[in-house]
Amino acid sequence: MNLITFSEELTIVKEIIKKAGKEVMRIYEKNDFSVKEKDDYSPVSEADISSNKIIIQELKKRFSYPIISEESENKSFVSNSYWIIDPLDGTKNFVKRDGEFSIMIGLIKAGELFLGVVYVPAQDELYFAEKGKGSYMEKNNIKTKLQVTHKDDFSNQIYLVSKNHFSEIDKKFLLFLESEIFIQKGSIGIKVAEICKGTADIYFNFDGLNIWDLCAPQIILEEAGGEAFDLKGQPFLYSSKKSRFTEGIVLTNGQKKDFFVQKIKEFISKKDL
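See the structure below:
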C-alpha cells in the first residue's frame, strides 16, 4: 500500500489550528468571557479575537502567502495564492456553550483549493484534506479516511440545516422535497463533517456564505467524494474578487446534481414563495 505524503503546509497548519483550539477552549471553560456585536450585528467573542491572533502570527512566521480572515480588516485579494481563515465558526454556538463551533483554515494556490483543515475543539476532532489525497478525520490519535454516502433518493436523504438560521424558505424547501429527515447543526465546518462521515447527505441555504465559511470545508467535502455548488449548479470560484458567494449554497454527497438543481429551479419558480 502506498503511503500518502502530505505537504509541509498541511502538517504545520494542523499544529497551528490545535494551538488556536487550545486557547479557544481555555476561554470557553471560563465562567465568563467578553462578547461584542460587529457592524453586521453578528457576535464576536474574546475567543474569535484570540484564535485569529494566534493563527495569523503562526502563519506569518512560516509562510509568505497573504492571509484573509473573517476577523481582519483587510479582506482584499492581492495574490492568486492565499490563506483563508475563520478563527471561530459558530460564535453563537460558542456563546450558548453547546460545543458546535469550529476553527477553519484553507489554502488557495493559483486560484484553486489546495488544502483545508477544520478543527472542532470541544470534541477534539480534526478534519483535513489536501488536493488529490483524500479526506480524513483524526481523533484520539486515530486517523480515519472519510467517504460520503451514495444515497440518491432525495426524499430519504438526511438534510442539514442551520441551528441559528433555520428560515421559512428552508422549511418550505424540505416540504417541497417531501423530506422530514433533517438535522440542525451549528458551524458549517461541523455540517460538512457530518456529510463526510456519512451521517448526513445534503446541506443547503438560500442566502450564501462568505469565502472563509466555505474554503476549508469545501475541499474536505470534495476529497471525501462530495460536491459543492450554488443554487444554479455553478462552482465556487476563489480567483474572483468576491468575499461572499451570494447565489446560495448546496453541499452534497455527490449524487444526482443535475436532478437536484432542477428541483431547486422548480421550487424557486413557485408563485407562493
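Just so we're on the same page, the numbering used here is the position in the sequence shown counted from 1, plus 10.
Beta carbons: idealized from backbone N, C-alpha and C, even for Gly.
Practice task
Compare the C-alpha of ASP223 against each of VAL45, ILE115, LYS71 and ILE22 and name the closest.
Solution key: Scanning VAL45, ILE115, LYS71 and ILE22 for the CA closest to the CA of ASP223 turns up ILE115.
Exercise for the section: Within 10 angstroms of the Cβ of PHE270, are there 16 or more other Cβ atoms? Answer buried if so, exposed if not. Expected result: Buried is the call here.
Practice task
Specify, as a first and last residue, the run of the beta strand (DSSP E) that ASN215 falls within.
Solution key: Following the DSSP letters along the chain, one finds ASN215 inside the beta strand (DSSP E) bounded by residues 212-215.
Handout entry: Closer than 7 Å: LYS161 CB and nearest the ligand MG heavy atom
Key = No copy of the ligand MG appears in this structure; indeed no ligand is present at all.
Exercise for the section: Count the other C-beta atoms from every protein chain shown that fall within 10 angstroms of the C-beta of PRO97, then say buried if there are 16 or more, exposed otherwise. Expected result: It is buried - the Cβ of PRO97 has at least 16 other Cβ atoms within 10 Å.
Exercise for the section: Inspect the beta-carbon positions of SER145 and LEU156 and report whether they are closer than 8 Å. Expected result: The answer is yes: Cβ separation under 8 Å.
Exercise for the section: Please report the Cβ distance between LYS161 and GLN67, rounded to the nearest whole angstrom; I am assuming they are in contact, meaning their Cβ atoms lie under 8 Å. Expected result: Not confirmed; about 43 Å, so no contact.
Practice task
Taking SER79 as part of the beta strand (DSSP E), name the residues at either end of that continuous run.
Solution key: Unbroken beta strand (DSSP E) run through SER79: 77-79.
Handout entry: LYS141 versus LYS251: straight-line alpha-carbon distance, rounded
Key = Looking at the backbone, the Cα of LYS141 and that of LYS251 are separated by about 22 Å.
Problem - Cutoff 6 Å; reference PHE277; Cβ partners in own chain excluding five residues on either side - result: Counting only Cβ-Cβ distances below 6 Å, and skipping sequence neighbours, we find PHE183 and PHE186.
Exercise for the section: Give the secondary structure of THR15 by DSSP, where H, G and I count as helix, E and B as strand, and everything else as coil. Expected result: If DSSP states are grouped into helix, strand and coil, THR15 belongs with coil.
Exercise for the section: Compute the Euclidean distance between the alpha carbons of PHE255 and GLY218, then round it to the nearest angstrom. Expected result: Whole-angstrom Cα-Cα distance: 5 Å.
Exercise for the section: Would you kindly report the start and end of the unbroken alpha helix (DSSP H) that includes LYS275? Expected result: Taken as a continuous stretch (DSSP letters only), the alpha helix (DSSP H) holding LYS275 covers 267-278.
Exercise for the section: Give the secondary structure of ALA234 by DSSP, where H, G and I count as helix, E and B as strand, and everything else as coil. Expected result: DSSP places ALA234 in the coil class of the three-state scheme, outside both helix and strand.
Practice task
For the alpha helix (DSSP H) containing ILE115, list its first residue and its last residue.
Solution key: If you look at ILE115, you'll find it isn't in any alpha helix (DSSP H); it sits in the beta strand (DSSP E) that goes 112-119.
Practice task
With a 10 Å radius around its C-beta and 16 neighbouring C-beta atoms as the bar for buried, classify SER44 as buried or exposed.
Solution key: By the neighbour-count definition (other C-beta atoms within 10 Å, threshold 16), SER44 is an exposed residue.
Problem - DSSP three-state assignment for TYR248, whether helix, strand or coil - result: Collapsing the DSSP output to three states places TYR248 in coil.
Problem - Delimiting residues of the alpha helix (DSSP H) encompassing LYS318 - result: For the chain, the structure presents residues 11 to 283; residue 318 sits outside this window and is missing.
Practice task
Would you be able to state if there are at least three C-beta pairs under 8 Å between the stretch 164-175 and the stretch 55-73?
Solution key: Cβ pair count under 8 Å is below three, so no.
Problem - Same chain only: Cβ atoms within 8 Å of LYS267, ignoring 5 sequence neighbours per side - result: Only residues of its own chain outside the window of five on either side were considered, and among them GLU237, PHE239 and GLY243 have a CB closer than 8 Å to the CB of LYS267, listed in chain order.
Handout entry: Spatial distance of ASN90 from GLY121 (CA atoms)
Key = A straight-line Cα-Cα distance of about 5 Å links ASN90 and GLY121.
Exercise for the section: For my contact list, ASP108 and GLY196 are in at a C-beta cut-off of 8 Å; report their separation, rounded to the angstrom. Expected result: With a Cβ gap of about 7 Å, ASP108 and GLY196 count as contacting.
Practice task
Indicate whether at least one CB of chain D lies closer than 8 Å to the CB of LYS182.
Solution key: In summary, chain D is missing from the structure at hand, where a single protein chain is found.
Problem - Of the listed residues ILE200, TYR129, ILE212 and ILE118, nearest to SER74 (C-alpha basis) - result: Closest in C-alpha terms to SER74, from the list ILE200, TYR129, ILE212 and ILE118, comes ILE118.
Exercise for the section: Give the C-beta separation of LEU261 and LEU241 to the nearest angstrom, bearing in mind that I take them to be a contact with Cβ-Cβ under 8 Å. Expected result: Not a contact, Cβ separation roughly 12 Å.
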